[in-house]
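Residue numbers (UniProt numbering): 1 to 355. Note that beta-carbon positions come from the ideal geometry of N, C-alpha and C, so glycine has one too. Small disclaimer: the values here were computed from a predicted structure and weren't measured.
1) I believe residue 103 touches residue 96 by the beta-carbon criterion, under 8 Å. Please report the beta-carbon distance rounded to the nearest angstrom.
2) From this set, 263, 173 and 300, which residue's C-alpha is nearest residue 278's C-alpha?
3) Residue ranges of each beta strand (DSSP E) run of no fewer than 3 residues wholly in the stretch 203-229, ordered along the chain?
4) I'd like to know if the stretch 299-317 and the stretch 261-275 are in contact, where contact means that at least 3 CB-CB pairs between them fall below 8 Å.
5) Over the uninterrupted alpha helix (DSSP H) stretch that includes residue 284, give me the two end residues.
6) Using 8 Å as the Cβ pair cut-off and three pairs as the minimum, do the stretch 166-179 and the stretch 192-208 touch?
7) Have a look at the DSSP bridge pairing and note the partners of residue 350.
8) Residues in the same chain with beta-carbon distance under 7 Å from residue 105, minus the five sequence neighbours each way, listed in chain order, please.
9) What's the gap between the Cα of residue 33 and the Cα of residue 86?
10) Given a threshold of 16 other Cβ atoms within 10 Å of its Cβ, counted over all protein chains shown, does residue 99 qualify as buried or as exposed?
11) Counting beta carbon pairs with one atom in the stretch 63-82 and one in the stretch 128-138, are three or more of them shorter than 8 Å?
12) What did DSSP end up calling residue 80 once you bin it into helix, strand or coil?
13) Is the stretch 185-196 in contact with the stretch 220-240, if contact means three or more CB pairs nearer than 8 Å?
14) Does the beta-carbon distance from residue 237 to residue 330 come in below 7 Å?
15) What residue does the beta strand (DSSP E) around residue 237 start on, and which one ends it?
16) Name the two residues that bound the continuous beta strand (DSSP E) containing residue 62.
17) Can we say the stretch 319-339 touches the stretch 213-233, given the rule of at least three CB pairs closer than 8 Å?
18) Select from 256, 121, 332 and 144 the residue whose C-alpha is nearest the C-alpha of residue 222.
19) Let me make sure I understand the geometry here. Which of 261, 308, 46 and 318 has the alpha-carbon closest to that of residue 360?
20) Excluding the 5 residues flanking residue 124 on each side, which residues of the same chain have their C-beta closer than 6 Å to its C-beta?
21) Looking at the strands, I want to know which residues DSSP matches up with residue 165.
22) Excluding the five sequence neighbours on either side, which residues of its own chain have a C-beta within less than 8 Å of the C-beta of residue 283, listed in chain order?
23) Following the continuous beta strand (DSSP E) through residue 281, name the residue where it begins and the one where it ends.
24) I need the boundaries of the alpha helix (DSSP H) containing residue 176, first residue and last residue.
25) In this structure, how does DSSP classify residue 40 when only helix, strand and coil are distinguished?
26) Three-state secondary structure (DSSP) at residue 156?
27) So what does DSSP say about residue 15, is it helix, strand or coil?
28) What residue range is occupied by the uninterrupted alpha helix (DSSP H) comprising residue 142?
29) My output table needs one value for residue 183: the three-state DSSP class, helix, strand or coil.
30) With 16 as the cutoff for other CB atoms within 10 Å, does residue 168 come out buried or exposed?
31) Quick check on residue 135: does DSSP put it in helix, strand or coil?
32) What first and last residue would you give for the alpha helix (DSSP H) that runs through residue 306?
33) Let's see if you can read the secondary structure: which residues bound the alpha helix (DSSP H) around residue 123?
34) For the stretch 52-59 against the stretch 28-43, are there 3 or more C-beta pairs whose distance is under 8 Å?
35) Quick one: grab the DSSP three-state call for residue 403.
36) By Cβ distance below 6 Å, which residues in the same chain neighbour residue 187 in space, the five residues on each side in sequence not counted?
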């Protein structure tokens, strides 16, 4: 496919495809394979210690990942007592713990920190080409310091208002995340998931609203979706769920099997796993605790409660099976082959449209 826009030219991409930086699922091998095929490889560093991120970035570079996209979270951390009384949620989770011999659910705690000085020092030392944020942007001084380290600054918007805010506060590009997207919603101005537009409606409105490049995300899993994103005004498409069945991804076998079997009504948005709205495949935990959504603790306190269930899971019953609504389009193949296939499919779709 031609490199015919400022974003792909700046990053030297042969195809306008970004592998989403899915925390916990991305690996240096996955990022490097995507880069080798001409796309933008990514690492999700928002939910792990800085030293773990350092090791992954260094390994990705050793494997040839260039350019490299690194993602961090910049959530508002709950203050003392923000979790309130966790007794009810711990009681609801207790049967799942007892079945697995895990004892009592833990008391809520902060499992990791938002983007700050430590993460900035990592960026300054290792200099990834793109640094993106979920849940808005860090304070202005940190944004400027990331740019001074040579990185483009991206962030996710789930509404046009969020896209405008990101541009006004220094984002070099906006990821327009439609409601179909898997994993955490990037929402930071308070819009409820039920009121957020889908990718088809969101991307052209964001492209019209901001002057910076737009990356389309949500429900894109094949070349037709990539082509559609470009026609809607995006400079590139970001795909996450599409890469979860690649052998390079760090995905639990039960999660892979669930993705392979997923139909078009298999997902829903839940706060049960982390406290923030995130799209997952339905499983026993999401269905049995459906009526307890409003009792989830603030992010990331809820994540600290469910952590032992994720780490111990032998089946899909208690795993967060992050997935977008296009799970039925996913394919099991190496990441590099997938990028090349996506590029060929998108080029074919665009040629057919051109007549």
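Reading from the atomic positions:
1) Mapped onto the chain shown, residue 103 falls at position 103. Mapped onto the chain shown, residue 96 falls at position 96. With a Cβ gap of about 12 Å, residue 103 and residue 96 do not count as contacting.
2) Position 278 of the chain shown holds residue 278. Comparing Cα-Cα distances from residue 278 to each of 263, 173 and 300, the minimum goes to 300.
3) You should have 214-217.
4) Touching, yes.
5) On the chain shown, position 284 is the one that residue 284 refers to. Unbroken alpha helix (DSSP H) run through residue 284: 284-288.
6) These segments touch.
7) Taking the chain shown and counting its residues from 1, one reaches residue 350 at position 350. Looking at the DSSP assignment, residue 350 forms no beta bridge with any residue, so it has no partner.
8) As a first step, residue 105 is located in the chain shown; it is residue number 105 there, counting from the start. Contacts found: 90, 93, 94, 97 and 305.
9) Translated into positions along the chain shown, residue 33 becomes position 33. Translated into positions along the chain shown, residue 86 becomes position 86. Rounded to the nearest angstrom, the two C-alpha atoms are 43 Å apart.
10) Here residue 99 corresponds to residue number 99 of the chain shown, with the count starting at 1. Exposed, since its Cβ has fewer than 16 Cβ neighbours within 10 Å.
11) Verdict: yes, contact present.
12) Indexing the chain shown from 1 puts residue 80 at position 80. Note that residue 80 has pLDDT 49, beneath the 50 cutoff, so the model's placement of it is unreliable and the number below is only indicative. Residue 80 falls in the coil class under three-state DSSP.
13) As far as the Cβ criterion goes, the stretch 185-196 does not touch the stretch 220-240, which means the pair count is below three.
14) Counting from 1 along the chain shown, the entry for residue 237 is found at position 237. Counting from 1 along the chain shown, the entry for residue 330 is found at position 330. Contact: no.
15) Numbered from 1 along the chain shown, position 237 holds the residue referred to as residue 237. It spans 236-239 - the beta strand (DSSP E) in which residue 237 sits, taken as one unbroken run.
16) If you number the chain shown from 1, residue 62 lands on position 62. Counting along the chain, residue 62 falls outside any beta strand (DSSP E), though it belongs to the alpha helix (DSSP H) covering 50-62.
17) They touch, by the three-pair rule.
18) Translated into positions along the chain shown, residue 222 becomes position 222. Of all alpha-carbon atoms in 256, 121, 332 and 144, the one lying nearest the alpha-carbon of residue 222 is that of 332.
19) With the chain running from 1 to 355 in the structure shown, residue 360 is simply not present.
20) Taking the first residue of the chain shown as position 1, residue 124 is located at position 124. For residue 124, where only same-chain residues beyond five positions count, the Cβ hits under 6 Å are 149.
21) For the purposes of this step, residue 165 is taken as residue 165 along the chain shown, with counting starting at 1. DSSP output for residue 165 lists no bridge partner at all.
22) Here residue 283 is taken as the residue at index 283 of the chain shown, counted from 1. Excluding positions up to five away in sequence, the list reads 258, 316, 317, 318, 319 and 321.
23) The count along the chain shown starts at 1 and reaches residue 281 at position 281. 278-281 is the span of the beta strand (DSSP E), which, as asked, contains residue 281.
24) Here residue 176 corresponds to residue number 176 of the chain shown, with the count starting at 1. The continuous stretches of alpha helix (DSSP H) do not include residue 176, which lies in the beta strand (DSSP E) extending over residues 173-177.
25) Taking the chain shown and counting its residues from 1, the one referred to as residue 40 is at position 40. Looking at residue 40 - three-state DSSP - the assignment turns out to be strand.
26) Counting from one through the chain shown, the residue named residue 156 turns up at place 156. DSSP places residue 156 in strand when its eight states are reduced to three.
27) Walking along the chain shown from the start, residue 15 turns up at place 15. Coil.
28) Taking the chain shown and counting its residues from 1, the one referred to as residue 142 is at position 142. First-last of the alpha helix (DSSP H) with residue 142: 140-148.
29) As a working note, residue 183 is residue 183 in the chain shown. Annotated three-state conformation of residue 183 is strand, per DSSP.
30) In the chain shown, counting from the first residue as 1, residue 168 sits at position 168. Residue burial annotation: residue 168 is exposed, with fewer than 16 other C-beta atoms found within 10 angstroms of its C-beta.
31) Locating residue 135 in the chain shown gives position 135, where the first residue counts as 1. DSSP places residue 135 in the coil class of the three-state scheme, outside both helix and strand.
32) Working through the chain shown from its first residue, we reach residue 306 at position 306. Its alpha helix (DSSP H) spans residues 301-312.
33) Mapped onto the chain shown, residue 123 falls at position 123. Unbroken alpha helix (DSSP H) run through residue 123: 117-126.
34) They touch, by the three-pair rule.
35) Residue coverage of the chain in this structure runs from 1 to 355, which leaves residue 403 outside it and unanswerable.
36) Your numbering for residue 187 matches position 187 in the chain shown. Leaving aside the five residues that flank residue 187 on each side, the residues in its chain whose CB is nearer than 6 Å to its CB run, in chain order, 158.
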